[in-house]
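Novice: Read in order, the letters of the sequence shown correspond to residues 293 to 424 in our numbering.
Glycine included, C-beta positions come from ideal geometry on N, C-alpha and C.
As the structure is a computational prediction, the values presented were derived from the model and not from experiment.
Sending over a structure as structure tokens; questions will come in a sec.
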Amino acid sequence: MADRLKLTSENVSNLFLKCLFLEGEDTTNFVKAEGVAITIGFHPERLRTNKTQIKELLDQLPQRFRKSEASSESHGWSFLNACKTEKGILWGQHKNVDELLCLGLASGLIEYNLPREIWVALPSGVPYFFIK
293 MADRLKLTSE NVSNLFLKCL FLEGEDTTNF VKAEGVAITI GFHPERLRTN
343 KTQIKELLDQ LPQRFRKSEA SSESHGWSFL NACKTEKGIL WGQHKNVDEL
393 LCLGLASGLI EYNLPREIWV ALPSGVPYFF IK
């Protein structure tokens, strides 16, 4: 793979900002994402344009986050484990994970395993999610 976008806090934050509305733009048609600590409305066209890059970043998370059609083994993993790459390298803080989570949710690349109302029963009260 040639120039894959590396999963770093800077790259995630830059991509997050790139997908937002600019000041003065009509925000009527937005794509809503509810992360752990943030709820955001993204610009639909910018989100669509950057979907490949969002996928590239998500693909660098541990395999356990991926949902396999062939196996029911992986049902996602905790938000708390998403701050490390597949290789075990710490790439960012939970603020950055929340930004990536929102990008993935808004792009239709991520789903939560359980509704928000159930999160209180999960370890540390944070969700499990999987990458489609």
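Identify whether Leu309 lies in helix, strand or coil by the three-state DSSP scheme.
Specialist: Here Leu309 sits in helix by DSSP.
Novice: Can you tell which of Lys298, Leu349, Phe334, Ala329 has its C-alpha closest to the C-alpha of Thr319?
Specialist: The shortest C-alpha separation from Thr319 is found at Phe334.
Novice: Between the region 295–303 and the region 338–350, do at least 3 Cβ pairs fall closer than 8 Å?
Specialist: With the cut-off at 8 Å, the region 295–303 and the region 338–350 touch.
Novice: Is it right to say Asn388 is buried, meaning 16 or more other beta carbons lie within 10 angstroms of its own, or is it exposed?
Specialist: It counts as buried.
Novice: If you follow the beta strand (DSSP E) that Val323 is part of, which residue opens it and which one closes it?
Specialist: It spans 323–326 - the beta strand (DSSP E) in which Val323 sits, taken as one unbroken run.
Novice: What is the DSSP secondary structure of Trp411, reduced to helix, strand or coil?
Specialist: Of the three classes helix, strand and coil, the one that applies to Trp411 here is helix, per DSSP.
Novice: Looking at C-alpha atoms only, which residue of Gly400, Leu353, Trp369, Ile410 is the closest neighbour of Leu382?
Specialist: Ranking the options by Cα distance to Leu382, first place goes to Leu353.
Novice: Which residues in the same chain have their Cβ closer than 8 Å to the Cβ of Leu414, if we skip the five residues on either side of it in sequence?
Specialist: Excluding positions up to five away in sequence, the list reads Ser370, Leu406, Tyr420.
Novice: Cβ of Arg338 within 8 Å of Cβ of Ile423?
Specialist: The answer is no: Cβ separation not under 8 Å.
Novice: Quick one: complete alpha helix (DSSP H) runs, 4+ long, within the region 380–410?
Specialist: Segments of the alpha helix (DSSP H) lying fully in the region 380–410: 386–398.
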